[in-house]
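Student: A single structure is presented below for examination.
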Ligand code: BTN
């Protein structure tokens, strides 16, 4: 069971107190506005206080919002940030999971709708692409999976990872002002060191996607190897020198992801996403080494195909790669 599952009364009470901008709101007013009993108001305030919110209770007068919780993965705050976004309802939180992908796939299989999110403070066996593991220590990282039922063909599913990578790039920029590099297909780097990894898993049959689950891991506040950062990785806190509010970043990614996935469903949506990704992707224009089961090839990354595949020019011929490990060699002009 998730350890924190929000109820709508709590969120509504919090929203009313926030809207009052530090003024005291009487219990009676909350009851009338929300159509609930005094006891429900009191219970919601107590639950918020237990979650770490500082809410003053002034005898006879009412309640006053003072400070948000120190827990930067608090769900009430994430829900408030996503109140005008169709996704993220609910966000289900576990302190520790084997992998957020597991309950996400289970819920998707059982019909959970688009935009349901599984979030964890740490993972015991976080999964990476190509069968690798994803180191997921507590506190420092962000680990979440988003359920989707995209109306696309199974061979287009890679597009979800490209869209997720752009969403993370935009969210990081909006929160930190840092413009990270995108490495095809879905790595997010800062000066060559990895900040975020994305894994999309899908259940499909020929011609039909049942569901897709996109898992996102962001190195937010880890510092150094002791906290699980590999040599080739870095974190947003190390780059900016300040602590990142993980809940704000999660909410921002979900918001961006919803916008892009909704955009893909429109007439020229996929084409537009590919053009935007091509402009944003650092791989394009670089010499790359592509590692395949049957060997390696070196060529110039020259574009992105209609299903998100990488186009590489080698010896006058253009080859396309749907999934592969690549290394950036140098920029070509
Ligand atoms: C990679 O770059 O290899 C992809 C890493 C994906 C990690 C995320 S963390 C949340 C979700 N749960 C997992 O077990 N993996 C993904």
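Residue numbers (my numbering): 39 to 371.
Cβ atoms here follow ideal geometry from the backbone N, Cα and C, with glycine treated the same way.
Remember, it's a predicted structure, so these values are computed and weren't measured experimentally.
#1: Residue 336 bridges to which residues according to DSSP?
#2: Measuring alpha carbon to alpha carbon, tell me which residue in 285, 58 and 364 is nearest residue 112.
#3: Would residue 363 and residue 220 be called neighbours here (beta carbons separated by less than 7 Å)?
#4: Of the choices 348, 80 and 55, whose alpha-carbon is the least far from that of residue 104?
#5: Give the secondary structure of residue 114 by DSSP, where H, G and I count as helix, E and B as strand, and everything else as coil.
#6: Which residues mark the beginning and the end of the alpha helix (DSSP H) in which residue 299 is found?
#7: In the DSSP assignment, find the alpha helix (DSSP H) that holds residue 200 and state where it starts and stops.
#8: Between residue 259 and residue 282, how many whole angstroms is the CB-CB distance? I'm expecting something under 8 Å.
#9: Would you mind reading off the limits of the beta strand (DSSP E) that contains residue 246?
#10: Check for me: the beta strand (DSSP E) holding residue 184 runs from which residue to which?
#11: Please name the residue or residues paired with residue 365 in a DSSP beta bridge.
#12: Taking DSSP as the reference, what is the three-state secondary structure of residue 99?
#13: Is residue 104 near the ligand BTN, going by C-beta to nearest heavy atom under 6 Å?
#14: What residue does the beta strand (DSSP E) around residue 89 start on, and which one ends it?
#15: Restricting to Cα atoms, I'd like to know which of 254, 242, 160 and 118 is closest to residue 205.
#16: Indicate, with yes or no, if the ligand BTN has a heavy atom lying under 6 Å from the CB of residue 52.
#17: For the beta strand (DSSP E) that residue 219 lies in, which residues bound it at each end?
#18: Leaving out the 5 sequence neighbours to the left and right, which residues in its chain are closer than 8 Å to residue 249 when beta-carbon positions are compared?
#19: Need the endpoints of the beta strand (DSSP E) that residue 235 sits in, please.
#20: In three-state DSSP terms, what is residue 308?
#21: Rank 289, 357, 70 and 80 by C-alpha distance to the C-alpha of residue 48 and give the top, closest one.
#22: DSSP three-state label for residue 132, please.
Tutor: If we stick to the structure as given:
#1: Answer is 327, bridged to residue 336.
#2: From the listed residues 285, 58 and 364, the smallest Cα separation to residue 112 is found for 285.
#3: Their beta carbons are not under 7 Å apart, which means residue 363 does not touch residue 220 by this criterion.
#4: Nearest option by C-alpha distance: 55.
#5: Helix.
#6: Residue 299 -> alpha helix (DSSP H) spans 284 to 302.
#7: Segment 196 to 214, the alpha helix (DSSP H) holding residue 200.
#8: About 6 Å; that satisfies the 8 Å criterion.
#9: Start and end: 246 to 257.
#10: Looking at the DSSP string, the run of the beta strand (DSSP E) that includes residue 184 is 179 to 186.
#11: 327, per the DSSP bridge assignment.
#12: Three-state DSSP puts residue 99 in coil, outside helix and strand.
#13: The answer is no for residue 104.
#14: Per DSSP, residue 89 belongs to no beta strand (DSSP E) and is neither H nor E.
#15: The residue with the shortest Cα to Cα distance from residue 205 is 254.
#16: No, the ligand BTN has no heavy atom inside 6 Å of this Cβ.
#17: Start and end: 219 to 221.
#18: These residues qualify, in order along the chain: 143, 146, 147, 185, 186, 187, 240 and 241.
#19: From DSSP, the beta strand (DSSP E) with residue 235 extends over 231 to 243.
#20: If DSSP states are grouped into helix, strand and coil, residue 308 belongs with the helices.
#21: When only C-alpha atoms are compared, the closest one is 80.
#22: In this structure, residue 132 counts as strand in the three-state DSSP scheme.
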